[in-house]
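*Asks:* Have a look at this one.
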Amino acid sequence: MSTLRLAVEIGGAGHHPGAWRHDDAHPGRLVDAGYHVELARTAERATLDFVAIPDTFAPPPAALPPSARGRLDAVAVAARVAPVTSGIGLVPTATTTHTEPFHLSKAIATLDYVSHGRAGWEADVSRTEAEARHFGRKHAAPAEDLYAEAGDAIEVVTRLWDSWEDDAVIRDVATGRYVDRDRLHPIDFTGAFFSVRGPSITPRPPQGRPLVVVRVDDDPAWVPAARYADVVRTSAPDLETARSFRARIRAAVEAAGRDPDAVAVLVDIATQLGRSADDAQRTWNELDRLGGRPWRPESSRFAGTPSGLADLVEEWFHEGAADGFVVRPALLPAGLTALADGLVPVLRERDLFRHAYPGRTLRDTFGLARPASRYAA
Amino acid sequence: MERPLKQIHLAAHFPGVNNTTVWSDPAAGSQIEFDSFVHLARTAERGLFDFFFLAEGLRLREHRGRIHDLDVVGRPDTLTVLNALAAVTTHLGLAGTVNTTFNEPYELARQFASLDHLSAGRAAWNMVTSSDAFTGENFRRGGYLDHADRYGRAAETIATARELWDAPNGRFTHHGPQFDIAGVFDVPRSPQGHPVLIQAGDSDAGRDFGAAHADAIFTIHSTLEAGQAFHADMRARLLRHRRGADELRILPGATFVLGDTDADAHERADVIRHQQVGPQTAIAFLEQIWGRDLSAHDPDGPLPDVDPDPDAVITRGRVRHGDPAAVAKLWRETAEAKKLSIRELVIELTGRQSFVGSPATVAAQIDEYVQSDACDGFILVPHLTPAGLDEFVDTVVPLLQERGSFRTSYTGTTLRDHLGLRRPDHAAGRAAAS
Ligand SMILES: Cc1cc2nc3c(=O)[nH]c(=O)nc-3n(C[C@H](O)[C@H](O)[C@H](O)COP(=O)(O)O)c2cc1C
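First to last, the protein sequences are chains L and H. Here the first sequence stands for residues 1 to 377, numbered as in the working numbering. Here the second sequence stands for residues 1 to 434, numbered as in the working numbering.
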């Protein structure tokens, strides 16, 4: 029996586009460290697997006034939160289209150091011409190319993590050598989009390889997900869609020569919890009104009571539709507090969810062994 | 009339990947575990320092075609460590070295604005311009930049970053030789307006870049006179760029060795120099100039009789020296005149600590440099990770405070406050951008 996974996405004033106008939202605090720390600590109190910190180079939605735009570099936010948390996984999004794989690799490795082994990385692509214009180096490309490039970037990032063997630093006073250079490896990657020589400038991170997360909504994302993802995120409007997706992605993982039981499939779910179903729906309607239109996310949605959401989670999990969920509270921080104080206690009572973290690292939380470096003899 | 005492600015440089850092000492800790960074940063903050400083090097150094293994190797990602340190400090400035050649302005502006927000106004950016093809092999852009263009790209990078930081409602358009970009910048103006900008580079082009753009200069000067000359030179350059003399802080890097007495300190300094230049390091140092394998030579014996190979480049990823034949000749003469072995010569050439003495002596020297306009303070480089600054903070800082030339508490909250620098005018930015 696998373990139920629960993560929360902490982006903007909440997942609902009308959230920033709500009285309970704090759009002005989106750039404050304290805001992110509070969210991460709430998620940690609920012993969630990780916080997903979204990011994009795309312009903010035009409807957002500058005062509500505050969006910071996600790796930076994760690093700022790391020293003042101790159990929660930290999974920032970092894109691969306009960035340098070498920089990404050392940034996530360093996040792993400052969090003592709680780092993950959600690899994403930049699809639009608006993003391309922020860099001015190339035009927007078809999804096939973007995901092929993302796959190469993940390959390079993970090779660089392995490029220092664990025991490379020897501090051998007798011979005057600080490192054993035979345990440092060039990665010599050459692909269609870039080449990278290596080794990394950063020693192998505490987890060996921080967890790689890939969202699969488009067809071209299947290839890098099947090859590299430790966690697959997806959208699914109903249980049947989710179950069929999970079966197919597990088959794809197996076809790529990996163990499907070592890959967690998490479905996104937008939530609004309330004392009663009516109460929750009222808030959702209020957010729709504030957002100027009824909003329905592409993935599943739940407005109701904590025990109602627990029923849904339990059903999908037991039916093999998902290994767990990435919850996207319609409204933050209230929606996350409601998870911690509402949903999680119910799941714990039903023996469906942990009371404490099983270890120190994100790999421990996911029950994944620390991999050896691919370069180790 | 006597002018009021200048206030000293101090920064703490995390010990780097060169032989200044002594890893072989029993007290030497991890160069990568976060606790080491926390220890140095908290010590610096306890000592009321202006900022913590991280260098950067984007490819492991090589010697004779292999990774140089005698010095510390490996370092973290600069910005990620600084963001994490923001969580465990409250006032200390957080300065990161980030290259302008292998990064794009949109991302850099966003990263530094993020650090400035997440640290509540304590971010600084040391812009460096290394553009060698050796380092470029780690990047998709490669080493495409000509050495002569490095400051052109750097200047356009900072100009572009400032346009983004100042953009009204985030909208920006920039057309230039290096960057042709437009769109919306999504980070609201950060507490300092712009992070503090530091420049490190000593060439004429580098000095001019610093005078035009920087808030602080990281430099190296061995003597008081050299410092005064540099200070005067920068003053003249500032004027040419229509900037006031009070708009730039000059902060040389400096090492130090303390002892109960001056004699104790000199004894310790000698031990440290021998730790910094072990037998293998001495030979490797010579090989950089000779361009040949000298491993058969005795480090405690005389310099090699053979001449340097004029064509060999055997060290990559570090600063180049002058003409090898001339350097070798000079070194041989020095060694013969002073009767020095290879190792003793290398110690003589490289191992000089900037300040050696009792706390009172060092405090007096530091104060003298600042009061006589050789600089505005120092970026101190301890030789030990992580505790190499402890003694300085415990013994020298109180004496500087007694002298009236160093703060006794932080009087502001941002790094600009500590350095006495103005917050850039938003309105000016708006006018320039519109
Ligand atoms: C004191 C000092 C510190 C420097 N630190 C770094 C560094 O950490 N990383 C780096 O890539 N370059 C560093 N540099 C190199 C300079 O930024 C610059 O790229 C190089 O000196 C070439 O420019 P120049 O010809 O103007 O000196 C440093 C230079 C100086 C003088």
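Even for Gly, the Cβ is constructed at its ideal location relative to N, Cα and C.
So, with DSSP's three-state summary, where would you put valine 231 of chain L?
*Replies:* It is a strand residue.
*Asks:* Is the beta carbon of asparagine 99 of chain H within less than 7 Å of some heavy atom of ligand 1?
*Replies:* Within the cutoff, so yes.
*Asks:* Cβ of aspartate 132 of chain H within 7 Å of any heavy atom in ligand 1?
*Replies:* No, Cβ of aspartate 132 of chain H sits at least 7 Å from all heavy atoms of ligand 1.
*Asks:* Is alanine 33 of chain L close to chain H, meaning its C-beta is less than 8 Å from at least one C-beta of that chain?
*Replies:* Taking Cβ atoms only, chain H reaches closer than 8 Å to alanine 33 of chain L, which makes this a yes.
*Asks:* Do you know offhand how far phenylalanine 366 of chain L's Cα is from aspartate 49 of chain L's?
*Replies:* The straight-line gap from Cα to Cα measures roughly 8 Å.
*Asks:* Determine which residues of the segment 3–34 of chain H have a Cβ less than 9 Å from any Cβ of chain L, and write them out in chain order.
*Replies:* Per Cβ criterion, the list reads Val17, Trp23, Ser24, Ala28, Ser30, Gln31, Ile32, Glu33, Phe34.
*Asks:* For a quick check, are the C-beta atoms of alanine 123 of chain H and glutamine 192 of chain H less than 8 Å apart?
*Replies:* For alanine 123 of chain H and glutamine 192 of chain H, yes; Cβs fall inside 8 Å.
*Asks:* Assign glycine 96 of chain H to one of three DSSP states: helix, strand, or coil.
*Replies:* Strand, per DSSP.
*Asks:* Does DSSP put phenylalanine 189 of chain L in a helix, in a strand, or in coil?
*Replies:* Looking at phenylalanine 189 of chain L - three-state DSSP - the assignment turns out to be strand.
*Asks:* Going along the chain, which residues of its own chain have a beta-carbon closer than 8 Å to the beta-carbon of alanine 130 of chain L, five neighbours each way excluded?
*Replies:* Closer than 8 Å at Cβ, skipping near neighbours: Ala58, Pro59.
*Asks:* Could you check if glycine 377 of chain H belongs to the surroundings of ligand 1, using beta carbon to heavy atom distance under 7 Å?
*Replies:* False, no ligand heavy atom lies under 7 Å from that Cβ.
*Asks:* Tell me, which residues are paired with proline 252 of chain H by DSSP?
*Replies:* H:Thr219.
*Asks:* Would you decide whether histidine 13 of chain H is buried or exposed? Buried here means 16 or more other CB atoms lie within 10 Å of its CB.
*Replies:* Answer is buried; the Cβ neighbour count reaches 16.
*Asks:* Would you kindly report the start and end of the unbroken alpha helix (DSSP H) that includes aspartate 262 of chain H?
*Replies:* Note, aspartate 262 of chain H: alpha helix (DSSP H), 262–276.
*Asks:* Between glutamate 62 of chain H and ligand 1, is there a pair consisting of the residue's CB and a ligand heavy atom that are separated by less than 7 Å?
*Replies:* No.
*Asks:* State yes or no: is the beta carbon of histidine 91 of chain H nearer than 8 Å to at least one beta carbon in chain L?
*Replies:* So no, histidine 91 of chain H is outside the interface.
*Asks:* Report yes if the C-beta distance between histidine 418 of chain H and valine 22 of chain H is below 8 Å; otherwise report no.
*Replies:* No.
*Asks:* Please report the straight-line C-alpha distance between proline 54 of chain L and threonine 129 of chain H, rounded to a whole angstrom.
*Replies:* Cα-Cα distance, rounded: 31 Å.
*Asks:* Near alanine 211 of chain H, what residues of its chain come up, given a Cβ to Cβ distance below 8 Å and the 5 sequence neighbours on each side ignored?
*Replies:* Met234, Arg237, Leu238, Arg240, His241, Arg243, Leu248.
*Asks:* Just reading off the beta strand (DSSP E) that aspartate 394 of chain H is part of, what are its end residues?
*Replies:* Careful: aspartate 394 of chain H lies outside any beta strand (DSSP E) and carries neither H nor E.
*Asks:* Taking 8 Å as the CB-CB limit, is tyrosine 106 of chain H close to chain L?
*Replies:* For tyrosine 106 of chain H, the answer is yes, since a Cβ of chain L falls inside 8 Å of its Cβ.
*Asks:* Does the Cβ of lysine 106 of chain L have 16 or more other Cβ atoms within 10 Å, making it buried, or fewer, making it exposed?
*Replies:* Its Cβ being crowded by 16 or more others within 10 Å, lysine 106 of chain L is buried.
*Asks:* What are the residues that DSSP puts in a beta bridge with alanine 127 of chain H?
*Replies:* Checking the sequence, you will find methionine at residue 127 of chain H rather than alanine. Answer is H:Val98, H:Gln199, bridged to methionine 127 of chain H.
*Asks:* Grouping DSSP H, G and I as helix and E and B as strand, with all else coil, what is phenylalanine 53 of chain H?
*Replies:* Phenylalanine 53 of chain H falls in the strand class under three-state DSSP.
*Asks:* Could you check if isoleucine 220 of chain H belongs to the surroundings of ligand 1, using beta carbon to heavy atom distance under 7 Å?
*Replies:* Yes, the beta carbon of isoleucine 220 of chain H sits closer than 7 Å to at least one heavy atom of ligand 1.
*Asks:* What did DSSP end up calling valine 114 of chain L once you bin it into helix, strand or coil?
*Replies:* In this structure, valine 114 of chain L counts as helix in the three-state DSSP scheme.
*Asks:* Return yes when the C-beta of glycine 136 of chain H is under 7 Å from any heavy atom of ligand 2, and no when it is not.
*Replies:* Of the ligands one can find in the structure shown, namely ligand 1, none is ligand 2.
*Asks:* Going by C-alpha to C-alpha distance, which of L:Arg69, L:Pro66, L:Thr93, L:Ala68 sits closest to alanine 79 of chain L?
*Replies:* That would be L:Thr93, whose Cα lies nearest to the Cα of alanine 79 of chain L.
*Asks:* Closer than 7 Å, Cβ to any Cβ of chain L: which residues of the segment 75–87 of chain H, in chain order?
*Replies:* Those residues of the segment 75–87 of chain H that come within reach of chain L (Cβ to Cβ, closer than 7 Å) are Arg75, Pro76, Asp77, Leu79, Thr80, Val81, Asn83, Ala84, Ala86, Ala87.
*Asks:* For the pair the segment 399–407 of chain H and the segment 3–11 of chain H, tell me if three or more CB-CB distances fall below 8 Å.
*Replies:* Because the criterion of three Cβ pairs below 8 Å is met, the segment 399–407 of chain H and the segment 3–11 of chain H touch.
*Asks:* How would you label proline 252 of chain H, buried or exposed, when you count the other beta carbons within 10 angstroms and need 16 or more for buried?
*Replies:* Under this definition proline 252 of chain H is a buried residue.
*Asks:* If you run the structure through DSSP and keep just helix, strand and coil, what is glutamate 62 of chain H?
*Replies:* Looking at glutamate 62 of chain H - three-state DSSP - the assignment turns out to be strand.
*Asks:* So is the beta-carbon of alanine 216 of chain H under 7 Å away from any non-hydrogen atom of ligand 1?
*Replies:* Alanine 216 of chain H Cβ: outside cutoff for every heavy atom of ligand 1.
*Asks:* Tell me the DSSP secondary structure of glutamate 369 of chain H in three-state form.
*Replies:* Correcting the residue identity first, residue 369 of chain H is tyrosine in this sequence and not glutamate. Helix, per DSSP.
*Asks:* Give every residue of the same chain whose Cβ lies closer than 7 Å to the Cβ of threonine 421 of chain L, excluding the five residues on either side of it in the sequence, and list them in chain order.
*Replies:* It is not possible to answer for residue 421 of chain L, since the shown part of chain L is limited to 1 through 377.
*Asks:* Name, in chain order, the residues that DSSP records as bridge partners for glutamate 122 of chain L.
*Replies:* Its beta-bridge partners are L:Thr93, L:Val213.
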